[in-house]
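Counting the sequence shown from 1 gives a position; the working numbering is that position plus 80.
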Amino acid sequence: MPLPARLTVLAAKTTGGASLLGFILFLLIGPVRVFQFASTTASALLLDGLLCGAFFVQHSGMVRRSFQDRIARYVRRPYIPAIYTIASGLALGVLLVAWQPTALVIASAGGPFRWAVRSLAVVAVVVFVAGVRALGHFDPFGVRPIEVMSSGRQPRQVPLTIRGPYGWVRHPLYSAMLLLIWSYPELTADRLLFNVAWTTWIVVGTILEERDLVSVFGAEYRRYQRHVPMLIPVRVAPFQNGRVADRDEE
């Protein structure tokens, strides 16, 4: 693998892995004040809202096909997913470090209800792992295209399959993330802002992603949409249809 490719892969794995670990800790144990930029609850919430908005714009903007087409004028396409991971990791890192916790408690779960809320995190992990296993391929840091290019192999067809948790919801990884977001028992003002903002962003982003999936998989994905809900399971038995379509791997 050429040196630029190795460095890009290393940067993507390091930045993506570190920011992902920090994000999971943020969700499970709450934010840690690293720097104090706000002296009042209102100013803290304003800054936190701006941090969320900046991350959403970066993360959602760079994933759009039109943006990637512009970037492809300057870098080879196999590098774009890894560059996206690096940029997203840095943006998420800024959010985690600059986040301003507030002391205002909106709600707090106690007793058995506290454990019930905490158990959502366990359910989220189980759903996420099951979703990854059902995919059969998982490239969280966007380095697979570089590895494929460097090896001289041709990109293989990646099937769209309906198995495991994908028989209950079309986006189980996002469902797991929503469960994890709401699994913290102390709902402070900043945490409420975070939960509502990220829930809204995930739902809107999923709807936009559905458009891309329909354009790729066509009628078969529309059939999948008719049988399986997007994020919240409502079926007693999972929908199973095996391989329904193929698309080129990124």
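The beta-carbon is built from N, C-alpha and C at its ideal position, and this holds for glycine as well.
Candidates R157, L288 and R213: closest to M310 by CA position
Against the sequence shown, residue 310 aligns to sequence position 230. Nearest of R157, L288 and R213 to M310, Cα basis: L288.
What does S188 pair with, by DSSP beta-bridge criteria?
Here residue 188 refers to the residue found at position 108 when the sequence shown is read from its first residue. Looking at the DSSP assignment, S188 forms a beta bridge with E266.
Short check: CB of I151 to CB of I160, under 7 Å?
Taking the first residue of the sequence shown as 1, we reach residue 151 at position 71. Taking the first residue of the sequence shown as 1, we reach residue 160 at position 80. Contact flag set, yes.
Given a cut-off of 7 Å on the beta-carbon distance, is the pair P265 and V206 in contact?
The residue given as residue 265 occupies position 185 in the sequence shown. The residue given as residue 206 occupies position 126 in the sequence shown. Contact annotation: P265 and V206 have beta-carbon atoms that are not nearer than 7 Å.
Is DSSP giving T241 helix, strand or coil here?
Position 161 of the sequence shown, counting from 1, holds the residue named residue 241. Strand.
Same chain, Cβ closer than 8 Å to A214, five either side skipped, listed in chain order:
Counting from one through the sequence shown, the residue named residue 214 turns up at place 134. Excluding residues within five positions, the ones whose Cβ falls inside 8 Å are T241, R243, G244, P245, Y246 and P252.
At 4 residues or longer, what runs of the alpha helix (DSSP H) sit wholly inside the region 249-293?
You should have 252-261.
Of the listed residues G216, G285 and L175, nearest to F103 (C-alpha basis)
Indexing the sequence shown from 1 puts residue 103 at position 23. The shortest C-alpha separation from F103 is found at L175.
For G232, does the count of other Cβ atoms within 10 angstroms reach 16, so buried, or fall short, so exposed?
Here the question's residue 232 lines up with position 152 in the sequence shown. Looking at its Cβ environment, which holds fewer than 16 other Cβ atoms inside 10 Å, G232 is exposed.
Select from A162, A124 and A134 the residue whose C-alpha is nearest the C-alpha of L272.
By 1-based counting over the sequence shown, the position of residue 272 is 192. The shortest C-alpha separation from L272 is found at A124.
Since V89 is in the alpha helix (DSSP H), which residue starts that stretch and which ends it?
The residue labelled residue 89 in the question sits at position 9 within the sequence shown. Per DSSP, V89 belongs to the alpha helix (DSSP H) from L83 to I109.
Would the region 172-186 count as touching the region 267-285 if we require 3 or more Cβ pairs under 8 Å?
Taking one beta carbon from each stretch, the region 172-186 and the region 267-285 have 3 or more pairs nearer than 8 Å; the two touch.
Thinking C-alpha only, which one of R157, G169 and P192 is nearest F221?
On the sequence shown, residue 221 is found 141 positions in, with the first residue counted as 1. Checking every option, the nearest Cα to that of F221 belongs to G169.
To the nearest angstrom, how far is it from the Cα of H336 to the Cα of Y164?
This structure does not reach residue 336, given that the chain is present from 81 up to 330, and the question cannot be answered.
When DSSP labels each residue in this structure, what does L312 get in the three-state scheme?
Within the sequence shown, residue 312 is the residue found at index 232, counting from 1. Residue identity differs from the one stated: residue 312 is Ile in this sequence, not Leu. Three-state DSSP puts I312 in coil, outside helix and strand.
Which residue marks the beginning of the alpha helix (DSSP H) containing A178, and which one marks its end?
Position 98 of the sequence shown, counting from 1, holds the residue named residue 178. Element bounds for A178: I160 to A178.
Go ahead and label D328 buried or exposed: buried means 16 or more other beta carbons lie within 10 angstroms of its beta carbon, across all protein chains shown.
Numbered from 1 along the sequence shown, position 248 holds the residue referred to as residue 328. Confidence in D328 is poor, its pLDDT being 38 and thus under 50, which makes the residue's placement unreliable; the coordinate value appears in the next sentence. It is exposed - the Cβ of D328 has fewer than 16 other Cβ atoms within 10 Å.
How is the alpha helix (DSSP H) around S146 delimited, first residue to last?
Translated into positions along the sequence shown, residue 146 becomes position 66. Counting along the chain, the alpha helix (DSSP H) containing S146 begins and ends at R145 to I151.
Alpha-carbon spacing of P192 relative to V202, whole angstroms:
Counting from 1 along the sequence shown, the entry for residue 192 is found at position 112. Counting from 1 along the sequence shown, the entry for residue 202 is found at position 122. The alpha-carbon atoms of P192 and V202 are separated by roughly 16 Å.
Collapsed DSSP secondary structure at A214 in the structure displayed
Translated into positions along the sequence shown, residue 214 becomes position 134. In the structure shown, A214 sits in a helix (DSSP, three-state: H, G or I).
Please state whether DSSP places E329 in a helix, a strand or coil.
As a first step, residue 329 must be located in the sequence shown, where it is residue number 249. Confidence at E329 is low in this model, with a pLDDT of 39, below 50, so the placement of that residue is unreliable and no value is reported for it.
For the candidate residues F115, Q116 and L101, whose alpha-carbon lies nearest to that of I109?
On the sequence shown, residue 109 is found 29 positions in, with the first residue counted as 1. The candidate whose alpha carbon is nearest that of I109 is L101.
Using a 10 Å radius around the Cβ and a threshold of 16 neighbouring Cβ atoms, would you call L107 buried or exposed?
Reading the sequence shown from its first residue, position 27 is the one you call residue 107. Flag for L107 reads buried.
Within 10 angstroms of its Cβ, does D292 collect 16 or more other Cβ (buried), or is it exposed?
Here residue 292 is taken as the residue at index 212 of the sequence shown, counted from 1. So D292 counts as exposed.
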